[in-house]
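First the structure, in the form of structure tokens, and then the observations on it.
Protein chains in written order, with my numbering: chain W, 23 to 498; chain V, 78 to 305.
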């Protein structure tokens, strides 16, 4: 491993220890040289080489082996105190000694490296575990990127880290180019979570007195993975909190809507009945009759709006349940035209609804209210003549309501079914379309704006899922 | 019946009661009011009305129960008033003997028309007219014959049965269940698709414009009515 060799080079301690060791061993062997065969003491030097290689690596080990061989030759191989060797057998001994020392050094270095690597892996794993704990547990649920970056910097043993989110203004051309390869100035690692790039983790230079952990790119990548998880988790938590807040406000809105419209209902009915009572009595001056008409018409309108709001809130609360039955499209259309008659003020409405159309599975009451809303809408916000057509389109029975007005503003056509969205047409705000769509969906039908309206006016299509009508027991 | 017809209005909202009383009085009726199911039955027993306008939601019971109790001893016409989402109660009230219904929000003029029609029908009880005419169609219940513009119209037995059942109660709402049981039998009480198909057939044979029927009227979600 290059980085390890580089570290070794940087330390003279191994060589110093090796030389000192050679001196000590030489001294010791010299002390006992009178009592034992000096040549057999070569093993002492080999033990020294083994120790130095094990403790400081191959190069100090080899240097020690060289020093040992020289010292052994100089002090103990005859003629002593020269580097010359008289006896050929001593040459062999010295060669074996040198070879043994070198092999010992290599073996010790391998052992040392393994130990060091496993030690590093253990420390990496420990650090990653601490990092994971810090990121996923210690860092608060609403941790800012800066907090996460600080934890990452601590784990990596660098001065600072920075999280550059994708598309954030902080990144890009304004920053100094950063390297993907670890260097003294730091480097960057991509932040990827769930296969999605979130941005970059910028890793700064090593902190003073710390061994930079990013010395292994694998470790930095692992840390970046954790950082990415933390960054994404922050986003998910924020989204979840937002959804929860929305859900609560939605529930509140529904409750408010229901309460208000319910409480509005009774006084409205009383006012309307009273105004109606005055109208029924008759005998008013022309001006009074007109005022009464305004009262009855407007209370009726308010009454309808409140009824629609009430239904919308019921729909959103899931309290409105469709009562499915077999229905004839022609009957639905005819019923809707009758029910809408007081609202459309004699506007021309043409129909095409053959009684030969297949029956549909639907809630007839809800269907009628959808069509009444569409007809009212067509006359109020579109223009007559209005055409209602029931037909089979693509295997589905569809009832369409088309007016001859200017059509929906394309800019808001996509939101035509949102409550209180102006359709770009005179007074075109309210809940009629939102309710109509909700009522359609409550019975498994769909309500869409037909494409390509343009100058031909708005066209809404109520479409039913195909259903197999049970056979009739016919009579003759 | 002497003088003005008396109408009993049953509703738990005092303001609605006041408004309705004023409207009915303005239309020339004598008005009695009740705010609960118990007081409604009591009022009807003490001073028999000529018609009852009955809200389905009452503090001490349902309008359906009031219908059932009243029908134990009187055939007084009953028009029930219901909210939009009270379809089931509406149908139950009709099956319990109510003559007609009106859905809130309604115009008082429409309610008055319903009450008048119900009282007219009460004077000429159902099933006593051998011949019922509507548009250019005549139904001879005695001869079991249907003519349109003088020509005999061929109807299948069930088509005739359905038309005859409606003709025996002209102007009155008959629920799906009531029609299915009367024409096809008790085993068919929920087979609404029979009604849809046979009503379509009848309209094709008898209505001037089958897609905008003027006589064989759909009471959406409730039943059918023969408008004469």
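By construction, the Cβ of each residue, glycine as well, lies at the ideal position given by its N, Cα and C atoms.
**Asked** Hey, residue 200 of chain V and residue 214 of chain V: beta-carbon distance below 8 Å or not?
**Response** no
**Message:** Which residues in chain W have a C-beta closer than 7 Å to the C-beta of residue 185 of chain V? List them in chain order.
**Reply:** 295, 298, 299 and 302
**Prompt:** Taking the alpha carbon of residue 470 of chain W as the point to measure from, which residue in W:134, W:455 and W:314 has its own alpha carbon closest?
**Reply:** Taking each of W:134, W:455 and W:314 in turn and checking the Cα distance to residue 470 of chain W, the smallest one comes out for W:455.
**Three CB pairs or more closer than 8 Å across the region 257-271 of chain V and the region 176-195 of chain V** = no
**Asked** Under 8 Å, do residue 125 of chain V and residue 151 of chain V count as touching if we go by C-beta distance?
**Response** yes
**Prompt:** Do you know offhand how far residue 393 of chain W's Cα is from residue 250 of chain W's?
**Reply:** 52 Å
**Item:** Ranges of the beta strand (DSSP E) found wholly within the region 28-75 of chain W, counting only runs of at least 3
**Value:** none
**Message:** Give me, in chain order, the residues of the same chain whose beta-carbon lies closer than 6 Å to that of residue 282 of chain V; leave out the 5 immediate sequence neighbours on both sides.
**Reply:** 230
**Asked** Is the distance from the Cβ of residue 260 of chain V to the Cβ of residue 238 of chain V below 8 Å?
**Response** yes
**Request:** Locate the beta strand (DSSP E) running through residue 372 of chain W, then write down its first and last residues.
**Result:** 371-374
**Asked** Whose C-alpha, out of W:177, W:220, W:182 and W:74, is nearest the C-alpha of residue 130 of chain W?
**Response** W:74
**Prompt:** So, do the region 250-266 of chain W and the region 217-226 of chain W have three or more beta carbon pairs nearer to each other than 8 Å?
**Reply:** yes
**Request:** Just the C-alpha distance for residue 66 of chain W and residue 77 of chain W, rounded to the nearest angstrom, thanks.
**Result:** 17 Å
**Request:** Can you check DSSP and say which residues form a bridge with residue 349 of chain W?
**Result:** For residue 349 of chain W, which the question treats as bridged, DSSP gives the partners W:382.
**Message:** Which of the three DSSP states is assigned to residue 296 of chain V in this structure?
**Reply:** strand
**4 or more residues per run - each alpha helix (DSSP H) lying fully within the region 90-161 of chain W** = 110-155
**Request:** Can you tell me which of the three DSSP states residue 486 of chain W falls into?
**Result:** coil
**Prompt:** Got a sec: which bits of the region 80-103 of chain V sit with their beta carbon under 7 Å from any beta carbon on chain W, in order along the chain?
**Reply:** Flagged, chain order: 90, 92, 93, 96, 97, 99, 100 and 103.
**Asked** At a Cβ threshold of 8 Å, is residue 491 of chain W touching chain V?
**Response** yes
**Asked** Taking Cβ positions, are residue 86 of chain W and residue 44 of chain W nearer each other than 8 Å?
**Response** yes
**Prompt:** With DSSP run on the structure shown, which of helix, strand or coil describes residue 285 of chain W?
**Reply:** helix
**Request:** Measure the C-alpha to C-alpha separation of residue 425 of chain W and residue 245 of chain V and round it to an integer number of angstroms.
**Result:** 41 Å
**Message:** So residue 357 of chain W contacts chain V; which residues on that side make the cut at Cβ distance below 7 Å?
**Reply:** 295 and 297
**Request:** Answer yes if the region 277-295 of chain V comes into contact with the region 350-359 of chain W, meaning at least three C-beta pairs across the two stretches below 8 Å, and no otherwise.
**Result:** yes
**Message:** Within the continuous beta strand (DSSP E) that includes residue 466 of chain W, where are the two ends?
**Reply:** Neither: residue 466 of chain W is in no beta strand (DSSP E) and is coded neither H nor E.
**Item:** Within-8 Å CB hit, residue 164 of chain V to chain B
**Value:** The displayed structure is made up of protein chains W and V, and chain B is not among them.
**Asked** Per the contact definition of three or more C-beta pairs closer than 8 Å, is the region 338-346 of chain W in contact with the region 381-396 of chain W?
**Response** yes
**Request:** Measure how close the beta-carbons of residue 339 of chain W and residue 243 of chain W come, nearest whole angstrom, since I'm counting them as under 8 Å.
**Result:** About 50 Å separates the two Cβ atoms, so there is no contact after all.
**Request:** Give me the Cα-Cα distance between residue 360 of chain W and residue 271 of chain W, rounded to the nearest whole angstrom.
**Result:** In this structure, the straight-line span from the alpha carbon of residue 360 of chain W to that of residue 271 of chain W is close to 39 Å.
**Item:** Selection of the region 319-351 of chain W by Cβ proximity to chain V, strictly under 8 Å
**Value:** If the cut-off is 8 Å between Cβ atoms, the region 319-351 of chain W has 322, 325, 326, 329, 333, 336, 342, 345, 347, 348, 349 and 350 near chain V.
**residue 116 of chain W versus residue 84 of chain W - alpha carbon distance** = 15 Å
**Asked** For residue 330 of chain W, which of W:459, W:309 and W:307 has the nearest alpha-carbon?
**Response** If we check each option's Cα against that of residue 330 of chain W, W:459 comes out closest.
**Asked** How far does the beta strand (DSSP E) with residue 180 of chain V in it reach, from first residue to last?
**Response** Element bounds for residue 180 of chain V: 177-180.
**Message:** Let me see if you follow: with CB-CB separation under 8 Å, is residue 264 of chain V close to chain W or not?
**Reply:** Judged by the 8 Å Cβ criterion, residue 264 of chain V is not in contact with chain W.
**Request:** To the nearest angstrom, report how far apart residue 136 of chain W and residue 247 of chain W are at their CA atoms.
**Result:** 26 Å
**Request:** Express the C-alpha separation of residue 82 of chain V and residue 127 of chain V in angstroms, rounding to a whole number.
**Result:** 6 Å
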